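From first to last, the protein sequence lines stand for chains A, B and C. Letter by letter, the first sequence follows residues 165 to 303 in my numbering. Letter by letter, the second sequence follows residues 290 to 508 in my numbering. Letter by letter, the third sequence follows residues 3 to 542 in my numbering. In what follows, a single structure is set out as structure tokens and then discussed.
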Amino acid sequence: MSEHHITPLRTYLIIAACLLFLSGVTVWVSYVDLGPLNIVVAMLVATIKASLVAFFFMHLLWDDKKNLVMFLMSLMFFGIFVTITLLDTEFRGDLGLNPETKNPINKRAAFYDTLPLTDTHGHPVDEHSDHHDEDKDHH
Amino acid sequence: MSHHNPDSPSHLKHYFYDVNQQYETSKFAMWAFILTEVLTFAGLFVAYIVYRSWYPDMFIDAHKLLDVNKGLTNTIVLITSSLTMALAIWAIQKNNRKLSVLMLVATFVFALAFLGIKYLEYSHKFEVGQLPGEFYSYMGPDAVHLNNPHIFFSIYFIMTGLHGLHVAIGMGLIAWLIYSTHKGNLTSEYYTPMEMIGIFWHLVDLIWIYLFPLFYLIG
Amino acid sequence: MSDNTKQNYLNHPKGIMSWLLTLDHKRIGLMYLVSGILFFFMGGLLALVMRFELAAPGNDILSNDLYNNAYTLHGAIMIFLFIIPAIPGALGNILLPLMVGAKDVAFPRLNLASFYIYSFGALFALYTIVNGGVDTGWTFYTPYSTQSSSNVVPMTLGIFIIGFSSILTGLNFIATVHKMRIPGLTWYKLPLFVWALYGTSLVQITATPVLAITMVLLMLERFLGIGIFDPALGGDPVLYQHFFWFYSHPAVYIMILPAFGIISEIIPVHSRKKIWGYKFIAYSTLSIAFIGFLVWGHHMFTSGQSVFSQIVFSFITYFVGIPTGVKIFSWILTMYKGQVSFTPPMLYALSFLFLFTIGGLTGIFLGAVALDIHLHDTYFVVAHFHYVMQGGTIVAFLGGLHHWWPKSFGVMYNQTIANIAALGVFIGFNGTFFPQFLLGLRGMPRRYATYDEQFVELHSYSTFWSGILGISIFIAVMNLFWSFIKKNKVDPGSNPWGGMSLEWTHTSSPPHPHNFEEEPVLQHGPYDYDKVIVEKTYKK
Chain A
165 MSEHHITPLR TYLIIAACLL FLSGVTVWVS YVDLGPLNIV VAMLVATIKA SLVAFFFMHL
225 LWDDKKNLVM FLMSLMFFGI FVTITLLDTE FRGDLGLNPE TKNPINKRAA FYDTLPLTDT
285 HGHPVDEHSD HHDEDKDHH
Chain B
290 MSHHNPDSPS HLKHYFYDVN QQYETSKFAM WAFILTEVLT FAGLFVAYIV YRSWYPDMFI
350 DAHKLLDVNK GLTNTIVLIT SSLTMALAIW AIQKNNRKLS VLMLVATFVF ALAFLGIKYL
410 EYSHKFEVGQ LPGEFYSYMG PDAVHLNNPH IFFSIYFIMT GLHGLHVAIG MGLIAWLIYS
470 THKGNLTSEY YTPMEMIGIF WHLVDLIWIY LFPLFYLIG
Chain C
3 MSDNTKQNYL NHPKGIMSWL LTLDHKRIGL MYLVSGILFF FMGGLLALVM RFELAAPGND
63 ILSNDLYNNA YTLHGAIMIF LFIIPAIPGA LGNILLPLMV GAKDVAFPRL NLASFYIYSF
123 GALFALYTIV NGGVDTGWTF YTPYSTQSSS NVVPMTLGIF IIGFSSILTG LNFIATVHKM
183 RIPGLTWYKL PLFVWALYGT SLVQITATPV LAITMVLLML ERFLGIGIFD PALGGDPVLY
243 QHFFWFYSHP AVYIMILPAF GIISEIIPVH SRKKIWGYKF IAYSTLSIAF IGFLVWGHHM
303 FTSGQSVFSQ IVFSFITYFV GIPTGVKIFS WILTMYKGQV SFTPPMLYAL SFLFLFTIGG
363 LTGIFLGAVA LDIHLHDTYF VVAHFHYVMQ GGTIVAFLGG LHHWWPKSFG VMYNQTIANI
423 AALGVFIGFN GTFFPQFLLG LRGMPRRYAT YDEQFVELHS YSTFWSGILG ISIFIAVMNL
483 FWSFIKKNKV DPGSNPWGGM SLEWTHTSSP PHPHNFEEEP VLQHGPYDYD KVIVEKTYKK
């Protein structure tokens with residue numbers, strides 16, 4: 165037997181069950197319309213799952229605290245990167261309040277004009293011969 | 290100043306005082322490596338977040354072109370593989386070599402399944418033209434109104450592609466572990482490589498835990 | 003320890019394979035040193051060619067295209083092939099285990115792998131040079147870099163590969179500092195060079211992965227037109243800049259923190275005085291490492307980011323000057339009432355204080371958005387970063403080489419020539435780069451091979467003094483190598499400067515292959531000149 169801390173088998177199985185359950189939860193919740201809360205709930209569930217994996221499967225709960233600090237630091241720097249970049253991208257133009265000046269580059273790429281319409285299998289549809297599809301073409 | 294004490298285990302390097310210092314140092318360094326992996330994917334997550342904030346409607350509609358069932362199956366597959374990886378370490382800690390190898394093989398098989406399902410997804414997308422960047426050509430009735438959907442698929446392919454590359458690398462490492470454990474090189478006295486590769490494998494699971502809702506379950 | 007033929011890491015084990023497959027951190031450090039100096043001279047040559055071209059207006063020896071290649075390669079080689087890898091790689095590798103009392107770094111095989119990965123990446127850079135160069139500027143801004151027909155891919159691939167070397171070295175050093183100190187060697191008893199390497203390594207492992215993914219995205223943009231940096235495809239070129247500078251600003255702290263560490267070692271030893279403000283210097287290292295991650299947008303003030311983020315970046319940029327200033331004051335206070343000897347290391351340290359202060363302060367000027375709008379992409383910026391990178395890091399590096407040369411190689415160089423060369427470096431450097439501040443203020447833009455007549459006087463001064471600078475650096479380095487050839491051996495037990503850290507008190511010169519004959523027992527701190535008398539010994 166190893167001298168290191170050995171996680172009990174039961175713990176592993178319970179955590180795995182929780183993870184599978186939470187995966188189901190997150191799929192179910194995605195079908196409920198919560199507006200802007202959807203992304204919040206999804207990330208919350210993902211974070212709970214991630215914490216279970218990190219603390220139990222990756223052993224951070226029982227390890228030297230330095231390992232946890234290292235992991236949290238990585239998340240902190242990720243947070244810094246995202247937040248400060250968004251300070252730029254969300255506030256362009258008139259402090260981001262004017263939709264026209266905020267995303268002036270948000271134009272459709274030119275190559276789309278050359279692409280033929282396709283069916284759901286990706287095969288080009290001939291517009292002139294198939295009249296049934298004309299209604300669907302004009303979204 | 291020699292540690293070449295004949296009672297020292299053969300795996301103890303001469304610049305470490307004892308096996309515990311060596312083990313703790315390896316684990317710590319592995320976590321520092323995990324930091325670098327998180328920062329690598331961080332760049333891609335930033336790209337995702339920025340582009341999703343610029344094209345919110347396109348992201349919601351484009352994601353419907355992904356197959357949630359395959360995504361969920363992959364999530365289940367990866368979580369189970371994380372369990373079997375943890376059990377492989379549990380087994381070797383109890384010096385049960387056969388069980389450890391069995392669990393490692395199971396992990397490998399699950400990883401293969403993950404890549405198999407990804408292959409099915411990718412080949413479907415190639416077929417219908419839902420491709421990154423300038424290669425995008427899918428203009429089906431559910432996509433024709435989208436504004437620059439190639440960006441969604443660019444980010445999808447790069448992120449799941451890089452993740453898939455890590456799954457493949459993990460499989461290679463696990464294969465080496467299977468060989469090493471089977472040969473008896475890893476025991477309850479010394480299983481540090483398995484511990485370290487296990488941490489890597491759990492990270493691969495961790496990243497997918499976020500990729501799944503962000504691509505397959507938007508809105 | 004007076005037998006000059008005793009085993010040391012240079013002569014034992016023998017044979018070329020024992021070097022190519024070495025796991026000895028000191029040998030690996032030496033290999034980094036040699037490659038680093040080679041690339042430094044390569045980059046330096048490019049600089050001299052550029053200065054020659056700029057001596058007169060008009061295209062004298064280089065067309066505009068060739069000039070674009072020259073400054074791109076100069077920047078890429080100096081930054082990615084010399085400063086970032088070589089200084090932690092050379093001095094860090096040789097000294098870190100010695101300073102913590104360890105027999106090697108935590109992962110010696112990884113250390114060797116780091117070196118080979120660096121060499122492999124460097125091959126791509128060399129390929130780029132001989133295959134027609136790259137002309138995008140070392141920053142590879144999109145959209146030009148995604149469209150340029152020059153060798154963007156080999157160069158970015160090389161940088162991507164070298165990034166892994168950087169990360170592995172960082173991992174190794176962090177593990178070594180945390181886990182391999184001898185008993186009793188607490189954090190506050192460590193030499194400040196160790197703190198500096200620790201801070202540098204934290205920055206390396208955190209920032210370099212983002213560079214890696216940026217280079218990958220750039221290559222994917224070129225090959226697949228993925229569209230995330232191209233406005234024609236609905237993407238944003240400024241996003242590339244965010245990605246690039248998120249790494250590249252912390253990268254400049256990778257470049258300067260080891261230099262700060264070297265100065266922290268030289269000044270107390272050559273003033274024979276305890277360092278003033280040990281904890282200030284230690285914590286300011288970590289503060290600079292952290293704050294460095296918050297300010298990258300100050301490279302993008304004219305790029306079109308939101309005004310809100312401009313203000314935030316500018317505001318935070320000012321803060322990074324505070325811990326830096328703390329260091330400068332601490333070093334000066336260390337010298338006060340000390341017994342300062344004007345040895346070559348000390349001359350370089352004094353040069354550093356003067357030159358880095360100018361560089362650092364002009365960085366603060368550039369941190370003001372209103373000023374930077376006018377000064378961005380002018381020679382003011384060029385002068386600023388050369389003052390900090392060359393007047394700062396390279397001067398400190400030369401000082402460190404001169405300080406630890408007798409320890410690392412068991413030979414002593416001619417100190418008179420070294421002093422003269424150091425003076426030449428100081429005067430030549432100021433002569434080259436001070437006029438460039440004035441050029442920038444008067445509107446001379448960066449990256450231009452030709453210019454208006456009004457700038458010719460300042461440019462010709464700059465070129466003239468760049469020749470003096472180049473010659474002085476060359477003499478300084480050759481003088482060091484000459485000590486090898488002349489075999490001016492020192493006694494293995496000697497301590498020519500009277501240093502008090504473990505590498506001076508407990509190892510021979512050059513050190514034994516496994517560093518310490520017996521495990522060192524810590525008796526005093528690295529700067530305890532007030533408690534212990536350490537003699538300067540130096541016998542031929």
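All C-beta atoms in this analysis are idealised placements derived from N, C-alpha and C, irrespective of residue type, glycine included. Please read all numbers here as calculations on a predicted model, not as lab measurements.
Are the C-beta atoms of I447(B) and some chain C residue less than 9 Å apart?
Yes - at least one Cβ of chain C is within 9 Å of the one on I447(B).
Need the endpoints of the alpha helix (DSSP H) that K16(C) sits in, please.
Here K16(C) belongs to no alpha helix (DSSP H), and DSSP marks it neither H nor E.
Distance cutoff 9 Å, beta carbons only. Does A234(C) sit that close to anything in chain A?
Yes, contact with chain A.
Pick helix, strand or coil for P513(C), following the three-state DSSP scheme.
In this structure, P513(C) counts as coil in the three-state DSSP scheme.
Who are the neighbours of E254(A) on chain B, taking C-beta pairs under 8 Å?
S342, listed in chain order.
Using a Cβ-Cβ cut-off of 9 Å, state whether G257(A) counts as contacting chain B.
Not closer than 9 Å to any Cβ of chain B, the Cβ of G257(A) fails to qualify, so no.
Label M480(C) either buried or exposed according to how many other C-beta atoms from any shown protein chain fall within 10 Å of its C-beta, with 16 as the threshold for buried.
By the 10 Å Cβ count, M480(C) comes out exposed.
When you check each C-beta in the stretch 469–492 of chain B against every C-beta of chain C, which residues fall closer than 8 Å?
Cβ contacts with chain C come from no residue of the stretch 469–492 of chain B.
Who are the neighbours of L251(A) on chain C, taking C-beta pairs under 9 Å?
What L251(A) touches in chain C: G299, Q307, S308, F310, S311, V314 and F315.
With C-beta atoms as the reference, is T210(C) less than 9 Å away from I258(C)?
Cβ distance not < 9 Å, so T210(C) and I258(C) don't count as in contact.
Which runs of the alpha helix (DSSP H) at least 4 residues long sit entirely within the stretch 324–393 of chain C? Give them in chain order.
Listed in chain order, they are 346–369, 371–377 and 381–390.
Determine, for F439(C), whether the minimum Cβ-Cβ distance to residues of chain B falls below 9 Å.
No, no contact with chain B.
Quick one: complete beta strand (DSSP E) runs, 3+ long, within the stretch 217–256 of chain A?
Complete beta strand (DSSP E) runs here, min 3: none at all.
Which residues of the stretch 174–200 of chain C have a Cβ closer than 8 Å to any Cβ of chain A? Give them in chain order.
Taking 8 Å as the Cβ-Cβ cut-off against chain A, the residues of the stretch 174–200 of chain C that qualify are H180.
Under the rule that 16 or more other beta-carbon atoms within 10 Å means buried, what is S291(B), buried or exposed?
In this prediction, S291(B) has a pLDDT of 44, which is less than 50 and means its spatial position is unreliable; nothing more can be read from the coordinates.
I want to see whether chain B comes within less than 9 Å of V204(A), judged by CB atoms only; does it?
Chain B, which has no Cβ nearer than 9 Å to the Cβ of V204(A), makes this no.
Mapping DSSP to helix, strand and coil, what is T287(C)?
T287(C): helix per DSSP, three-state reduction.
How big is the Cα-Cα spacing for T211(A) and H27(C)?
Rounded to whole angstroms, T211(A) to H27(C) spans 41 Å at the Cα level.
Could you give the DSSP three-state label for T314(B): helix, strand or coil?
Helix at T314(B).
Kindly list, in the order they appear in chain C, the residues whose Cβ is closer than 9 Å to that of G260(A).
Going along chain C in sequence order, the residues near G260(A) (Cβ under 9 Å) are S308 and F310.
Exposed or buried, L225(A), counting other C-beta atoms within 10 Å across all chains shown (16 or more means buried)?
By the neighbour-count rule (16 or more Cβ atoms within 10 Å), L225(A) is not buried but exposed.
Comparing the C-beta of K229(A) with each C-beta of chain C, is any distance below 9 Å?
K229(A) does not count as touching chain C.
Only counting the same chain, and skipping five residues up and downstream in sequence, which positions put a Cβ closer than 6 Å to that of S468(C)?
These residues qualify, in order along the chain: R53 and T434.
Since V240(C) meets chain B, which of its residues come closer than 9 Å, beta carbon to beta carbon?
In chain order: nothing, as chain B lies at least about 10 Å away.
Strictly below 7 Å CB to CB, what residues from chain B border L208(A)?
Within chain B, no residue comes near L208(A); the closest Cβ sits about 10 Å away, beyond 7 Å.
Using only the alpha-carbon positions, how far apart do N71(C) and E223(C) sit?
Looking at the two C-alpha atoms, the distance is approximately 22 Å.
As a quick exercise: from E313(B), Y344(B) and V335(B), pick the residue whose alpha carbon is nearest that of N231(A).
Residue E313(B) is the option with its Cα nearest to N231(A).
Using 8 Å as the Cβ pair cut-off and three pairs as the minimum, do the stretch 98–111 of chain C and the stretch 11–28 of chain C touch?
Taking 8 Å as the limit for Cβ pairs, the verdict is that the stretch 11–28 of chain C does touch the stretch 98–111 of chain C.
Please state if the CB of L56(C) and the CB of H461(C) are separated by a distance shorter than 9 Å.
Their beta carbons are under 9 Å apart, which means H461(C) touches L56(C) by this criterion.
Can you pull the chain C residues whose beta carbon is under 9 Å from the beta carbon of I440(B), in chain order?
Neighbours of I440(B) on chain C, chain order: I228, G229, I230, L235, G236 and G237.
Helix, strand or coil for P252(C), going by three-state DSSP, please let me know.
Residue state, collapsed to three classes: helix.
Roughly how many angstroms separate the alpha carbons of L125(C) and H388(C), rounded to a whole number?
Their backbone Cα atoms lie some 26 Å apart in a straight line.
Does I96(C) come within less than 9 Å of chain B when only Cβ atoms are used?
Not closer than 9 Å to any Cβ of chain B, the Cβ of I96(C) fails to qualify, so no.
Taking only beta-carbon atoms, is E423(B) less than 9 Å away from chain A?
Yes, E423(B) lies at the interface with chain A (some Cβ there is under 9 Å from its Cβ).
Looking only at C-alpha atoms, which of I323(B), D356(B) and I368(B) sits nearest to N178(A)?
Correcting the residue type first, residue 178(A) is Ile in the shown sequence and not Asn. Closest by alpha carbon: I368(B).
Would you tell me roughly how many angstroms separate the C-alpha atoms of A241(C) and V492(C), rounded to the nearest one?
The sequence as given places Leu at residue 241(C); Ala does not occur at that position. Near 55 Å, if we compare the C-alpha coordinates of V492(C) and L241(C).
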